[in-house]
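Asker: Chains as they are written, first to last, in the working numbering: chain X, 1 to 230; chain B, 1001 to 1230.
Let me begin by handing over the structure; questions about it come next.
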């Protein structure tokens, strides 16, 4: 049965942008599972599957409804054990949680701020108003004030990627010789930036940029099909 | 056959302090392998097993001589597959490299600087002179100048542990329900600090401190047997 992925979009339904939804799209493709996305705007999330979650991604797989990207990856891993593994064992599952926490606490705060006005501009009127209200309350600043720190924070952001960059001298993917869910965790964050804003987040010569390019090419170029913001 | 672990010590042979040697001691204990340490001072490293490595740890296991803590852990994992796993699968091996790079680039620089004068004080005269010369060349400052930044950097160091701290809200060890080599990677760094200097690196209420305490208790309290610096 085709899996449904409730996937966050703005006014353009063909440009899903959520980092967490991209993790799941890549995980579904990695497993070779047939799926269909249900384009979902911020204000639609409350109605997804009867309001099961405050956020997307949410998937429906037959009778199973699962929210949260990491929980979804674990669900897929165990529901489809004969498909290519997302974790390559129990150690991979456990360590991927560390990668997830690192990505969330290191990469997301910078990109979330740097792309804030661009993400706002992607929404239709009602969703833009919701986004501005909720984010300005969270940050205690206007969206424009938050994004204004983008250039000043760039060098420090690039430096914060050093553990990943250094790891790439040992192996081509976080997953080793090939990608695993931990790669998609970090990929999702950079894909969020790529789709939201035309901003040179990474230096072209950065090994992280090369790794990101390899991820864009995976699964028939699934993630490259959505063009970078221009 | 008993494995030999060349283990870095200062003037007191009962206080091995190297973070990388502690990773290996914990890995050997985790595997339940019999081993004997060969106390090794900085100036002895060049003579270890015919000068096979510029650093310790080095192990000899019968005819196999292996240098580098990560390489040793991989060697032990594959040479003793029937013993408790250090990685719990190929995903764990790959992701542990990310944890290792994170620990090396996030935790080691601060502790290496904060403990620098204390590590110097642990050496005998000849090794102290070597240590001062090599480290002052590396840092371009006196040992005392490097360590002087300890208090100023403490809050930022504690903040840098946030990915680990946050992960501990999901699971008790980097390895999941129980420790794996990735735990010993981070443990080794904090044990280095614990043995070198009486300095409150972590707040008592920090979940990282609780996790560190659990690691100290592992394997019959192997790592707790060396008292904290006083």
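Glycine included, C-beta positions come from ideal geometry on N, C-alpha and C.
Among the candidates 38(X), 24(X), 103(X), whose CA atom is the shortest distance from the CA of residue 32(X)?
Answerer: Minimum Cα distance to residue 32(X) is reached at 24(X).
Asker: Evaluate residue 1133(B) with the Cβ neighbour count: other Cβ atoms within 10 Å of its Cβ, from every protein chain shown; 16 or more gives buried, anything less gives exposed.
Answerer: Residue 1133(B) is exposed by the Cβ-count criterion.
Asker: Residue 61(X) bridges to which residues according to DSSP?
Answerer: Residue 61(X) pairs with 64(X).
Asker: Report yes or no: do the region 1081-1101 of chain B and the region 74-88 of chain X share at least 3 C-beta pairs separated by less than 8 Å?
Answerer: The answer is yes - the region 74-88 of chain X touches the region 1081-1101 of chain B, with three or more Cβ pairs under 8 Å.
Asker: What did DSSP end up calling residue 7(X) once you bin it into helix, strand or coil?
Answerer: Looking at residue 7(X) - three-state DSSP - the assignment turns out to be strand.
Asker: Give the residues of chain X in contact with residue 1167(B), contact being defined as C-beta atoms less than 7 Å apart.
Answerer: Ordered by position in chain X, the residues that pass the 7 Å Cβ test against residue 1167(B) are 97, 98, 101.
Asker: Using only CA atoms, which one of 1108(B), 1146(B), 1107(B), 1106(B) lies nearest to residue 1117(B)?
Answerer: If we check each option's Cα against that of residue 1117(B), 1146(B) comes out closest.
Asker: Using 8 Å as the cut-off, can you tell me whether the region 1063-1076 of chain B makes contact with the region 1137-1151 of chain B, which would need three or more C-beta pairs spanning the two stretches below that distance?
Answerer: No contact exists between the region 1063-1076 of chain B and the region 1137-1151 of chain B.
Asker: For residue 41(X), which of helix, strand or coil comes out of DSSP?
Answerer: In this structure, residue 41(X) counts as coil in the three-state DSSP scheme.
Asker: Which word fits residue 203(X), buried or exposed, when buried means at least 16 other C-beta atoms lie within 10 angstroms of its C-beta?
Answerer: So residue 203(X) ends up on the exposed side.
Asker: Compare the C-beta of residue 1009(B) against all C-beta atoms of chain X and say whether one is closer than 7 Å.
Answerer: Not an interface residue.
Asker: According to a CB-to-CB cut-off of less than 7 Å, which residues of the region 171-203 of chain X neighbour chain B?
Answerer: Against chain B - using a Cβ distance shorter than 7 Å - the residues of the region 171-203 of chain X are 171, 174, 175, 176, 180, 182.
Asker: Using only alpha-carbon positions, find the residue among 205(X), 138(X), 102(X), 46(X) that is nearest to residue 163(X).
Answerer: Of 205(X), 138(X), 102(X), 46(X), the residue nearest in Cα terms is 102(X).
Asker: Is it buried or exposed, residue 205(X), if we count other Cβ atoms within 10 angstroms and call 16 or more buried?
Answerer: Residue 205(X) should be labelled exposed.
Asker: Could you give the first and the last residue of the continuous alpha helix (DSSP H) run that contains residue 166(X)?
Answerer: Segment 162-167, the alpha helix (DSSP H) holding residue 166(X).
Asker: Using beta carbons (cut-off 7 Å, strictly below), is residue 84(X) in contact with chain B?
Answerer: Not one chain B Cβ lies under 7 Å of residue 84(X).
Asker: Quick check on the DSSP output: the alpha helix (DSSP H) that includes residue 172(X) runs from which residue to which?
Answerer: That residue, residue 172(X), is in no alpha helix (DSSP H); it is neither H nor E in DSSP.
Asker: Determine whether the beta carbon atoms of residue 1190(B) and residue 1029(B) lie at a separation below 7 Å.
Answerer: It is not a contact, given that the beta carbons lie outside the stated cut-off.
Asker: Please report the residue range of the alpha helix (DSSP H) in which residue 72(X) lies.
Answerer: Residue 72(X) -> alpha helix (DSSP H) spans 69-79.
Asker: Taking only the alpha-carbon atoms, compute the straight-line gap between residue 1230(B) and residue 1115(B) and give it to the nearest angstrom.
Answerer: Rounded to the nearest angstrom, the two C-alpha atoms are 13 Å apart.
Asker: Going by C-alpha distance, which of 19(X), 184(X), 200(X), 11(X) is nearest residue 112(X)?
Answerer: With distances taken between Cα atoms, residue 112(X) lies closest to 19(X).
Asker: Using DSSP with H/G/I as helix, E/B as strand and the rest coil, what is residue 36(X)?
Answerer: Three-state result, residue 36(X): strand.
Asker: Over the uninterrupted alpha helix (DSSP H) stretch that includes residue 203(X), give me the two end residues.
Answerer: Neither: residue 203(X) is in no alpha helix (DSSP H) and is coded neither H nor E.
Asker: Comparing C-alpha positions only, which one of 1012(B), 1027(B), 1016(B), 1034(B) sits nearest to residue 1002(B)?
Answerer: Measuring from the Cα of residue 1002(B), the nearest candidate turns out to be 1034(B).
Asker: Which parts of the region 1132-1164 of chain B are runs of the alpha helix (DSSP H), unbroken and 4 residues or longer, counting only runs that do not cross its ends?
Answerer: For the region 1132-1164 of chain B, whole alpha helix (DSSP H) runs of length 4 or above, ordered along the chain, are 1143-1147, 1150-1160.
Asker: Figure out for me which residue from 215(X), 175(X), 15(X), 161(X) has the closest Cα to the Cα of residue 108(X).
Answerer: Nearest option by C-alpha distance: 161(X).
Asker: Would you call residue 10(X) buried or exposed, if buried means 16 or more other Cβ atoms sit within 10 Å of its Cβ?
Answerer: The residue in question, residue 10(X), is buried, as its Cβ has 16 or more Cβ neighbours within 10 Å.
Asker: Apply the 10 Å Cβ neighbour rule to residue 1193(B) and answer buried if 16 or more other Cβ atoms are within range, or exposed otherwise.
Answerer: So residue 1193(B) ends up on the buried side.
Asker: How would you list, in chain order, the residues of chain B whose beta-carbon sits under 8 Å from the beta-carbon of residue 88(X)?
Answerer: Within chain B, the residues near residue 88(X) are 1089, 1090, 1091, 1092, 1094.
Asker: Taking CB distances under 7 Å as the criterion, tell me whether residue 1057(B) reaches chain X.
Answerer: Chain X, which has no Cβ nearer than 7 Å to the Cβ of residue 1057(B), makes this no.
Asker: Starting from residue 93(X), trace the alpha helix (DSSP H) in both directions and tell me its first and last residue.
Answerer: 90-102 is the extent of the alpha helix (DSSP H) around residue 93(X).
Asker: Residue 1183(B): buried (16+ other C-beta within 10 angstroms of its C-beta) or exposed?
Answerer: Classification for residue 1183(B): buried.
Asker: Which of the three DSSP states, helix, strand or coil, is assigned to residue 199(X)?
Answerer: Residue 199(X) falls in the coil class under three-state DSSP.
Asker: So that I know if they touch, is there some Cβ in chain X lying closer than 7 Å to that of residue 1105(B)?
Answerer: Interface residue, yes.
Asker: Exposed or buried, which one is residue 1027(B) when buried takes at least 16 other CB atoms within 10 Å?
Answerer: Residue 1027(B) should be labelled buried.
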